[in-house]
Amino acid sequence: MKTIFTAPVFDATVIVNGNELFKGQGSASMWAEKLAAEIGSPVTVEKIGTGWALRGQVDGADCTWGIHGQRLMQIDRT
(Lines of atoms letter the chains of each structure in order from A; the text may use other names.)
(Lines give C-alpha, C1' and ligand atoms only; values in the text may rest on other atoms or scores of the structure.)
Protein backbone atom coordinates (compact mmCIF):
# COMPACT_ATOMS: atom_id res chain seq x y z
CA MET A 297 0.00 0.00 0.00
CA LYS A 298 1.47 3.32 -1.04
CA THR A 299 0.85 6.27 1.26
CA ILE A 300 1.92 9.88 1.12
CA PHE A 301 4.53 9.01 3.72
CA THR A 302 6.44 7.25 0.93
CA ALA A 303 6.06 10.12 -1.56
CA PRO A 304 9.14 12.33 -2.00
CA VAL A 305 8.92 15.94 -0.85
CA PHE A 306 10.73 17.94 -3.54
CA ASP A 307 10.33 21.37 -1.97
CA ALA A 308 12.87 23.78 -0.56
CA THR A 309 13.34 23.18 3.15
CA VAL A 310 14.86 24.93 6.15
CA ILE A 311 16.32 23.55 9.37
CA VAL A 312 14.75 24.89 12.59
CA ASN A 313 15.83 23.51 15.97
CA GLY A 314 17.27 20.46 14.25
CA ASN A 315 14.06 19.73 12.32
CA GLU A 316 13.71 20.00 8.57
CA LEU A 317 10.59 22.03 7.72
CA PHE A 318 8.90 23.39 4.62
CA LYS A 319 10.36 26.72 3.49
CA GLY A 320 7.08 28.05 2.09
CA GLN A 321 3.52 28.13 3.39
CA GLY A 322 2.12 27.21 -0.04
CA SER A 323 3.96 23.91 -0.33
CA ALA A 324 3.22 23.09 3.33
CA SER A 325 -0.49 23.72 2.69
CA MET A 326 -0.47 21.40 -0.31
CA TRP A 327 1.09 18.61 1.77
CA ALA A 328 -1.32 19.35 4.65
CA GLU A 329 -4.25 18.59 2.30
CA LYS A 330 -2.65 15.31 1.25
CA LEU A 331 -1.90 14.34 4.84
CA ALA A 332 -5.45 15.20 5.98
CA ALA A 333 -6.85 12.86 3.33
CA GLU A 334 -4.41 10.14 4.42
CA ILE A 335 -5.17 10.29 8.16
CA GLY A 336 -8.85 11.31 7.85
CA SER A 337 -8.45 14.29 10.15
CA PRO A 338 -7.89 18.04 9.62
CA VAL A 339 -4.28 19.17 9.21
CA THR A 340 -3.10 22.78 9.39
CA VAL A 341 0.21 24.50 8.76
CA GLU A 342 2.05 26.34 11.49
CA LYS A 343 5.06 28.63 11.28
CA ILE A 344 7.92 27.48 13.48
CA GLY A 345 10.91 29.80 13.34
CA THR A 346 11.64 30.34 9.65
CA GLY A 347 9.86 27.18 8.46
CA TRP A 348 6.41 25.65 8.22
CA ALA A 349 5.29 22.40 9.86
CA LEU A 350 2.10 20.37 9.53
CA ARG A 351 -0.14 20.03 12.63
CA GLY A 352 -3.00 17.65 13.29
CA GLN A 353 -4.31 14.91 15.54
CA VAL A 354 -4.03 11.16 15.24
CA ASP A 355 -6.06 9.04 17.66
CA GLY A 356 -6.66 12.13 19.83
CA ALA A 357 -2.95 12.95 20.17
CA ASP A 358 -1.51 16.21 18.82
CA CYS A 359 1.11 15.57 16.13
CA THR A 360 3.59 17.73 14.23
CA TRP A 361 5.13 16.64 10.94
CA GLY A 362 8.23 17.88 9.18
CA ILE A 363 10.52 16.32 6.61
CA HIS A 364 13.28 13.75 6.96
CA GLY A 365 15.14 12.32 4.01
CA GLN A 366 12.63 13.81 1.55
CA ARG A 367 9.71 12.09 3.34
CA LEU A 368 7.09 13.34 5.80
CA MET A 369 7.97 12.41 9.36
CA GLN A 370 6.46 13.11 12.76
CA ILE A 371 8.72 15.43 14.74
CA ASP A 372 8.93 16.53 18.35
CA ARG A 373 7.83 20.09 18.83
CA THR A 374 10.38 21.99 20.89
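Our numbering applies: residue 297 is where the sequence shown begins, and numbers increase by one.
Glycine is no exception: its CB is placed at the ideal position from the N, C-alpha and C atoms.
Note that the structure is a prediction, hence the values are computed from the model and not measured.
* To do: Please name the residue, chosen from LYS319, PRO338, ILE344, MET369, that lies closest to GLY356 on a Cα-to-Cα basis.
  => PRO338
### Query
How about VAL310 and GLY365: are their beta carbons less than 9 Å apart?
no
9 Å Cβ cutoff met for VAL312 and ALA324
no
With a threshold of 8 Å on Cβ separation, who are the neighbours of LEU331 within its own chain once the five nearest residues in sequence on each side are excluded?
ILE300, VAL339, LEU350, GLY352, TRP361, LEU368
DSSP has VAL341 in a bridge; who is on the other side?
LEU350
Handout entry: Backbone CA spacing between THR302 and LYS343 [nearest angstrom]
Key = 24 Å
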